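**Q**
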Amino acid sequence: MTNETSHHATSAQPNRLWYANLIGLIVLGLLVLAPLVVDLHGENPATPVELEAAAAPDGSMSTELADAVAEVDKTHDDHHDVPPYWQIGTIPFVLLLLSIAVLPLLRKTMHWWEDNTNRLAVALGAGLLTMLFYMVVDGPTAALLAIEHAIPGEYIPFIMLLFSLYVISGGISITGDLKATPTVNATFILVGTLIASFIGTTGASMLLIRPLLETNRERKHVVHTVVFFIFLVSNIGGTLLPIGDPPLFLGYLRGVPFDWTLILWKEWALLGGLLISVYWIWDQIMVKRETTLDILRDDAIRRPLRMSGSINILLLLGVVFAVALLDPSKPIPGTDIHAFPFCRELVMLGLAGASLALTPKGIRESNRFNYHAIIEVSALFIGIFLSMQVPLAVLKANGADLGLESPSQFFWLTGILSSFLDNAPTYLVFFQTAESMTLEGGEGILQLQDGGFIREDLLTGISLGAVFMGANTYIGNGPNFMVKSIAEQSGVRMPSFFGYMIYSVLVLLPAMVLVDWLFL
Amino acid sequence: MALKRVIVALGGSEYMDAAVTEACQIAARNGAEILGIAVLDETLVDPAEPSPMGAGSAAADLRAERRKKVETGMSESIARFESMVGSAGVPHRTQRLTGDAQEALTDALRLADLAIVGIRHAFDYGTIAHPDDFLGRVARASGRPILAMTSPARRINRVLVAYDGSAASADALRAFAVLNAFAPAVVRVAHCAESGTDSEHLLEDGMSYLRLHGHTVEGCVLDGDPPTALLENAESWNADMLVMGAVGRRGLSRLLLGDTASSMLQRSEIPLLIRS
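Residue numbers (this note's numbering), protein chains in the order written: chain A, 493 to 1012; chain B, 1194 to 1469.
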């Protein structure tokens, strides 16, 4: 009977996912097409300048004209400042975040929430409510502008990057079983930290966790190894490029130059070096606690490391170049050609397709590759990006009044929120706040795509907080939990939610204080 | 008081065979029936837990895999139990339960006289272990004696009873005597010396009650940290079973003072009869 029920469950899964896919695709198509079909920017009412130009040459205006100017000024403010009744408008965003946090915790809803169709329904519900809100308070144009901003502007490039990285890195497999010495384990973590910026923290984690666990199979004390792996490979390693961690990519979409994150190398190198040293000493102590028998067995069972699917490394490099070079808002470096809209996304899709076609059979099976994670992220983020438009608009107008000033404040606030919420929306919230504080360019100030400006020191605090402190809990970053799951499936007794936090409070928190003290 | 129903936990661990063997011996000696219980502990196997975006499927897969493993383990354990009890010719029933293991075991004990459970790994079937004081909690919630079984099962000849004059230790001592489930050759009552208590007097109280039940009794006073002293004494004397009260200390006092029963449950290599 046991077999029957479980068989049934697995065979039903792909069906439901297929529906989720289809609904998602249709909705996405409509959302992309809507702003393209309606010419939003042509519908804008005449600007005050045009109206003033229409006034008599001596500058005097008829009363009607003066009224019209005032009227346009008012609507102009409405569009670019806070939408009226914004308190109501932010409710869907808050509800969505609450659903993501609470629904998996209630016994009544936990299994319902496991279905991606239901996740998509909740996310779209929140998005739809937000658009309805815009429609009611600001008219249909405002709603379409918000959709244009959220979907083709942010959601599609974001998901395409995650999708292509996910598919391509899922086609590489490293197998082998080395002797589990502290130096070998530390080298694994070091390599992961070095490559995470180029292939994304999720890709690096999935690539290296299996051979690391295989190497440590004969050892009894493995938990600290997995925990430091999560700290460094699943989080901190991804600091250096927008490809490394999703929030940095959102910054890039907002106009932060592709290579800007490279200036964070000092913080990245300090934490990497420090934590790997701590790990190495820790593992020296733990390896002494293993029984002689286990050490002998570990020594006896060895296989050299082998990598298969290496064609995907080239494809990953392709993604890096696509992101670095094909920014539609700038000319391709060295030329004056602008990439056409979505050129970057098409290239990334093509590279993902090439990976699917070229990866030898069997590699994805051995990686237990499936689309569940990326579908889940796509389903939820469509709602997050849509419903975020209202809080972002509010922050854009009023963020400067929040009283946040120093990079340290941004570092800790972004970090603490990123420990418990997803770091991508958290990053955007503080990014928008920082952007609202700077009104003109200058030294140490970046100009952004929407014409805004952001102070580099604040951006440093936000970026470091979002990337580093995602490591604080299992829920701070997607790969944390995936690594925990894989470790548990191969027999490591991973600590509970709070058990893990003991490690992060003891090890990461002091390291964060050090980063703050030295760099911010 | 006669012992008429023994519960045995079918936990699938290395202790299960010993627990079933012991249950068969006790049931045969007393003309009792055995109730075998297998529990799918949802709070451990299928917990409601937070997961980050993108890892919800990984979490669901992990839970599904754990559940499958537990269900398979339960079926195997039940089959093994039935073949063992069947060949011993003892009347028996089995129950397959889902829910919180502590509640399930406590409920089942309402109309039963004794539960025999593997000393560590109660119902985890090779997945996540229960907390260290799981059996202590069941003992306190049910008020019934629990035999925390080690492996392999052995003939119980020498029984070491820890008695400190507390209500819980007296209850444990009395439960052991009244149940009359074991037929030991000799029972030693041990008291861990504390300043200000009359050790000799306490020992005599305990021993005289056991003598009334027809046991051959001796007494001894131990020094030092109770769990360590008891375990060392049990080892040097070759005890086959330990009897002790399960007083629950919780929170800060447990952290500071320790909980003798929990610590014994973690460390003991011989069966432990506890009662609160």
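Every residue gets a Cβ at the ideal spot worked out from N, C-alpha and C, and that includes glycine.
Keep in mind that this is a model prediction, so the values were computed, not measured.
Does the distance from the C-beta atom of R434(A) to that of P596(A) stay below 8 angstroms?
**A** The structure shown has nothing for residue 434(A), since chain A only spans 493 to 1012.
**Q** Please compile the residues from chain B whose C-beta is within a distance smaller than 9 angstroms of the C-beta of V869(A).
**A** Ordered by position in chain B, the residues that pass the 9 angstroms Cβ test against V869(A) are M1246, G1247.
**Q** Hey, is the segment 891-907 of chain A in contact with the segment 932-941 of chain A, meaning 3+ C-beta pairs nearer than 8 angstroms?
**A** No: fewer than three Cβ pairs fall under 8 angstroms.
**Q** Kindly provide the ranges of any alpha helix (DSSP H) runs that are 4 or more residues long and lie completely inside the segment 1290-1366 of chain B, ordered along the chain.
**A** Within the segment 1290-1366 of chain B, the complete alpha helix (DSSP H) runs of at least 4 residues are 1294-1302, 1327-1335.
**Q** By DSSP's criteria, E1215(B) is part of a beta bridge. Which residues make up the other side?
**A** DSSP lists no partner for E1215(B).
**Q** Please list, in chain order, the residues of the segment 581-596 of chain A that have any C-beta partner in chain B closer than 8 angstroms.
**A** Correct list: I592, A593, P596.
**Q** Smallest Cα separation from A1422(B): which of A1305(B), E1264(B), A1355(B), T1390(B)?
**A** Minimum Cα distance to A1422(B) is reached at A1355(B).
**Q** Could you tell me if P823(A) is buried or exposed, where buried requires 16 or more neighbouring beta carbons within 10 angstroms of its beta carbon?
**A** P823(A) comes out exposed.
**Q** Find the nearest neighbour of S1461(B) within the set S1469(B), G1438(B), E1428(B), G1417(B), judged by alpha-carbon distance.
**A** Among S1469(B), G1438(B), E1428(B), G1417(B), the Cα nearest to that of S1461(B) is on E1428(B).
**Q** At 4 residues or longer, and completely inside the segment 852-937 of chain A: list those alpha helix (DSSP H) runs for me, N to C.
**A** You should have 855-858, 864-879, 881-890, 899-912, 915-929.
**Q** Using a C-beta cutoff of 8 angstroms, does E1164(B) count as contacting chain A?
**A** Here chain B has residues from 1194 to 1469 only, and residue 1164(B) is not among them.
**Q** Taking Cβ-Cβ distances shorter than 8 angstroms, what residues in chain B pair up with S977(A)?
**A** Within chain B, the residues near S977(A) are A1248, A1251, A1252, D1254, L1255.
**Q** Check each residue of the segment 960-974 of chain A: if its Cβ is closer than 8 angstroms to any Cβ of chain B, include it; give the result in chain order.
**A** Listed in sequence order: Y966, I967, G968, N969, G970, P971, N972, F973, M974.
**Q** Out of T1265(B), R1367(B), V1371(B), point me to the one whose CA is closest to G1527(B)'s CA.
**A** Residue 1527(B) lies beyond the stretch modelled for chain B, which goes from 1194 to 1469, so this question has no answer here.
**Q** Nearest to A1383(B) by CA position, among R1404(B), D1364(B), G1358(B), is which residue?
**A** Ranking the options by Cα distance to A1383(B), first place goes to G1358(B).
**Q** Determine the closest residue to K1197(B) out of N1373(B), S1456(B), G1266(B), with distance taken between C-alpha atoms.
**A** Taking only the C-alpha atoms, the option nearest K1197(B) is N1373(B).
**Q** State the CB to CB distance for the pair A958(A) and P739(A), rounded to an integer number of angstroms; the pair is presumed to be in contact (CB under 8 angstroms).
**A** Indeed they touch by this definition, with Cβ atoms about 4 angstroms apart.
**Q** Spatial neighbours of I994(A) within its chain, please: C-beta separation below 8 angstroms, excluding the five flanking residues on both sides.
**A** P987, listed in sequence order.
**Q** For the segment 847-867 of chain A and the segment 622-638 of chain A, state whether three or more C-beta atom pairs, one from each stretch, are separated by less than 8 angstroms.
**A** No contact exists between the segment 847-867 of chain A and the segment 622-638 of chain A.
**Q** Closer than 7 angstroms by beta-carbon distance: list the chain B residues that pair up with M602(A), in chain order.
**A** In chain order: A1241.
**Q** Taking 8 angstroms as the CB-CB limit, is E1425(B) close to chain A?
**A** Chain A contact via Cβ: absent.
**Q** Please list the partners that E1258(B) has in chain A, where partner means a Cβ-to-Cβ separation under 8 angstroms.
**A** In chain order: Q981.
**Q** Between A638(A) and I583(A), what straight-line distance do the alpha-carbon atoms span, to the nearest angstrom?
**A** Computed Cα separation, rounded: 16 angstroms.
**Q** Under three-state DSSP, which class holds S665(A)?
**A** Correct three-state label for S665(A): strand.
**Q** Taking beta-carbon pairs under 7 angstroms, can you tell me which members of the segment 846-872 of chain A lie near chain B?
**A** For the segment 846-872 of chain A, which is checked against every Cβ of chain B, the residues closer than 7 angstroms are H864, A865, E868, V869, L872.
**Q** Using CA atoms only, rank isn't needed, just tell me which of V997(A), K976(A), L848(A) is closest to D1254(B).
**A** Ranking V997(A), K976(A), L848(A) by Cα distance to D1254(B) puts K976(A) first.
**Q** Per DSSP, which residues does H1384(B) bridge with? Please list them.
**A** Per DSSP, V1414(B).
**Q** Around the C-beta of A548(A), are 16 or more other C-beta atoms found within 10 angstroms, so that it is buried, or is it exposed?
**A** Bear in mind that a pLDDT of 48 at A548(A), under 50, signals an unreliable position, so the number given afterwards is only what the model happens to contain. Result: exposed.
**Q** Considering only the alpha carbon of each residue, which of M698(A), F1011(A), L705(A) lies closest to L670(A)?
**A** Looking at the Cα atoms, L705(A) is the closest of the given residues.
**Q** Can you tell me where the alpha helix (DSSP H) holding P584(A) begins and where it ends?
**A** Element bounds for P584(A): 583-594.
**Q** Counting only C-beta atoms, is F877(A) closer than 8 angstroms to chain B at any point?
**A** By this cut-off, F877(A) is not an interface position.
**Q** To the nearest angstrom, report how far apart M778(A) and T707(A) are at their CA atoms.
**A** If I take the Cα positions, the gap works out to 15 angstroms.
**Q** Return the CA-CA distance between G895(A) and R947(A), expressed in angstroms with no decimal places.
**A** Distance between the alpha carbons of G895(A) and R947(A): 15 angstroms.
**Q** For M1209(B), I'd like the list of residues in its chain whose CB is within less than 7 angstroms of its CB, leaving aside the five on either flank, ordered along the chain.
**A** Counting only Cβ-Cβ distances below 7 angstroms, and skipping sequence neighbours, we find L1203, S1270, G1311.
**Q** I'd like the list of long-range same chain contacts for P825(A), defined as Cβ closer than 7 angstroms, with 5 residues on each side in sequence excluded.
**A** For P825(A), where only same-chain residues beyond five positions count, the Cβ hits under 7 angstroms are L817.
**Q** If you scan the segment 660-731 of chain A from start to end, which runs of the alpha helix (DSSP H) of 4 or more residues do you find wholly inside it?
**A** Correct list: 674-691, 693-707, 715-724.
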